[in-house]
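Single-structure report; data block below.
Numbering (this note's numbering), first residue to last: 10 to 247.
So this is what it looks like as structure tokens:
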């Protein structure tokens with residue numbers, strides 16, 4: 010935008026900024042930045058620090074296609090676990106298994122400390138929503154957790170990427186670090202899990218974020234057979 014003076018800032022400045030930003034970041038990121046800037050002007054106006062109109066009020070966000078969600082099929086999970094164990098990184102397999110067992114983000118598992126593991130539970134402290142959450146884990150997984158204080162693991166995402174490649178698993182662009190979280194949530198719903206319970210496990214502030222997994226629930230497929238209009242028309246004929 011060329012660092013314009015605030016009182017001269019208008020939609021044309023932000024339009025130019027958006028165009029340049031789209032060369033390096035996603036549409037979603039640009040839309041988020043527009044939301045933040047819009048909120049900034051609104052708050053300044055509320056505080057009496059901005060007397061003019063909000064220069065980007067009413068400016069439409071850019072349209073974008075929701076990215077495909079990548080998750081592992083049941084047959085792919087043991088293949089990946091095997092490749093994780095075959096690598097030189099000694100932490101990556103356990104980090105991945107924590108993600109698959111709890112639905113946590115990669116960074117949440119990687120940043121676990123010894124004091125966060127207790128009574129067959131892990132507590133994630135440094136979360137995206139800044140709210141700690143505790144999730145039960147199996148006795149077997151708890152027994153394999155490092156018995157030490159401080160950080161339990163080193164940086165392992167690069168080793169994870171290499172293992173995914175060796176396992177021959179193809180993922181949608183940008184899904185690498187979230188694939189295990191998506192896998193947990195998808196299989197949780199496919200196996201009959203409750204969407205509200207899943208919301209608490211994943212730490213979503215809004216159920217709207219969790220609803221993207223709702224179509225994996227078995228009843229959705231059953232309803233397609235039970236509630237389709239052809240079946241209902243046959244019932245009326247009888």
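All C-beta atoms in this analysis are idealised placements derived from N, C-alpha and C, irrespective of residue type, glycine included.
Query raised in the report: How do the stretch 100 to 112 and the stretch 133 to 148 stand: do at least 3 beta-carbon pairs fall below 8 Å, yes or no?
Result: yes
Report task. Can you check DSSP and say which residues form a bridge with residue 144? Result -> 131
Requested in this report: Answer with buried or exposed for residue 216, where buried requires no fewer than 16 other C-beta atoms within 10 angstroms of its C-beta.
Outcome: exposed
Report task. Going by CA-CA distance only, name the one from 20, 124, 91 that's closest to residue 174. Result -> 91
Query raised in the report: DSSP state of residue 191, grouped into three classes?
Result: helix
Report task. Please confirm whether residue 138 and residue 214 have their CB atoms less than 8 Å apart. Result -> yes
Query raised in the report: So, are the CB atoms of residue 54 and residue 119 less than 8 Å apart?
Result: no
**Report entry** Three-state secondary structure assigned by DSSP to residue 101
**Finding:** helix
Query - Reference residue 196, options 85, 100, 178, closest by Cα - result: 85
**Report entry** Beta-ladder partner(s) of residue 171, from DSSP
**Finding:** The partner list for residue 171 (beta bridge, DSSP) is empty, contrary to what the question assumes.
Query raised in the report: DSSP three-state call for residue 122: helix, strand or coil?
Result: strand
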